[in-house]
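Input: a single structure, listed below in structure tokens.
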Amino acid sequence: MQYATIVLGNLVLFWTCFRGQIGLGELLWVFWAQSVLIGLAAAVRMSLLRQFSTDGFTGNGKPVPETPKGKRETVAFFLIHYGGFHAIYAAFLVDKHGAPWLATSLWGALALIAFGIGEAASVGRHAASDRSWRPNLGTLMFMPYCRIVPMHLAILASGPFDLAGADGTSSILLLFLVLKTGADLGMQIVEDRLEAQRQAAQQQQTDT
Numbered sequence: 178m179q180y181a182t183i184v185l186g187n188l189v190l191f192w193t194c195f196r197g198q199i200g201l202g203e204l205l206w207v208f209w210a211q212s213v214l215i216g217l218a219a220a221v222r223m224s225l226l227r228q229f230s231t232d233g234f235t236g237n238g239k240p241v242p243e244t245p246k247g248k249r250e251t252v253a254f255f256l257i258h259y260g261g262f263h264a265i266y267a268a269f270l271v272d273k274h275g276a277p278w279l280a281t282s283l284w285g286a287l288a289l290i291a292f293g294i295g296e297a298a299s300v301g302r303h304a305a306s307d308r309s310w311r312p313n314l315g316t317l318m319f320m321p322y323c324r325i326v327p328m329h330l331a332i333l334a335s336g337p338f339d340l341a342g343a344d345g346t347s348s349i350l351l352l353f354l355v356l357k358t359g360a361d362l363g364m365q366i367v368e369d370r371l372e373a374q375r376q377a378a379q380q381q382q383t384d385t
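Just so we're aligned: the sequence shown equals residues 178 to 385 in our numbering.
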């Protein structure tokens with residue numbers, strides 16, 4: 178059901194964009210802001226972990242320790258690295274599409290506020306469920322990077338299409354929205370796998 182909802186929501190967005198009700202600049206700015214909120218939510222979620230696993234997770238070629246220091250350094254690296262990407266993307270968006278308050282409509286702003294409220298609520302839910310097992314810190318850190326791919330490729334593709342007019346813009350929209358749908362589905366798949374691992378860990382504790 179969740180996957181169908183994601184696909185349906187993106188199909189509606191497809192239709193709205195190609196009817197001209199949402200422009201490319203607004204779409205990219207809203208997506209950028211959503212990605213920032215997702216990154217902040219991920220950082221808060223990692224910071225709230227009481228116990229966690231780092232199996233298969235390394236930093237500078239060394240295993241990340243399952244300690245408060247290891248967690249703090251991971252969160253700090255994530256904020257700098259993920260935030261750095263978005264600072265660069267913001268500079269591009271300002272250059273190509275203007276400041277966000279000029280490129281974003283009231284409806285876009287309201288959608289973003291609703292998204293932010295949803296992310297805040299999800300942090301609370303995840304923090305509660307994370308207390309019952311040891312989620313992998315590396316998985317939580319890398320999950321938001323799914324959002325980088327659509328933004329990055331849309332920016333790279335915009336160069337060749339700068340002089341292509343409406344057809345070029347439509348091509349970028351199609352590329353971006355297809356990649357966005359894939360990123361949304363990818364994050365949901367990872368979240369579902371985490372939930373399955375949590376339930377398996379709880380079942381193992383019950384059996385023992």
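Quick reminder that beta carbons are idealized off the backbone N, C-alpha and C, glycines included.
Quiz prompt | Boundaries of the alpha helix (DSSP H) in which THR231 is found, first to last residue | solution = THR231 -> no alpha helix (DSSP H), and no H or E assigned at all.
Quiz item: Can you name, in chain order, every residue of its own chain whose Cβ lies under 6 Å from the Cβ of PRO321, other than the five neighbours on each side?
Solution: Correct list, in chain order: ILE215, GLY216, ALA219.
Quiz item: Mind checking whether SER309 and GLN379 have CB atoms under 8 Å apart?
Solution: Contact flag set, yes.
Self-check item: Euclidean distance between Cα positions of GLU243 and GLY295
Solution: When rounded, the distance between both Cα atoms is 30 Å.
Quiz item: Between LEU340 and ALA373, what straight-line distance do the alpha-carbon atoms span, to the nearest angstrom?
Solution: Interpretation of LEU340 is limited by its pLDDT of 39, a score under 50 that renders its predicted location unreliable; the figure taken from the coordinates is listed afterwards. Cα to Cα, the separation comes out at about 48 Å.
Self-check item: Sub-8 Å separation of PRO277 and TRP206 beta-carbons
Solution: Yes, Cβ-Cβ distance for PRO277 and TRP206 is below 8 Å.
Quiz item: CB ALA360 to CB VAL326, shorter than 8 Å?
Solution: Their beta carbons are under 8 Å apart, which means ALA360 touches VAL326 by this criterion.
Quiz prompt | ASN237 to HIS329 span [Cα, whole Å] | solution = About 25 Å.
Quiz prompt | Three-way DSSP call (helix, strand, coil) for PRO240 in this model | solution = In this structure, PRO240 counts as strand in the three-state DSSP scheme.
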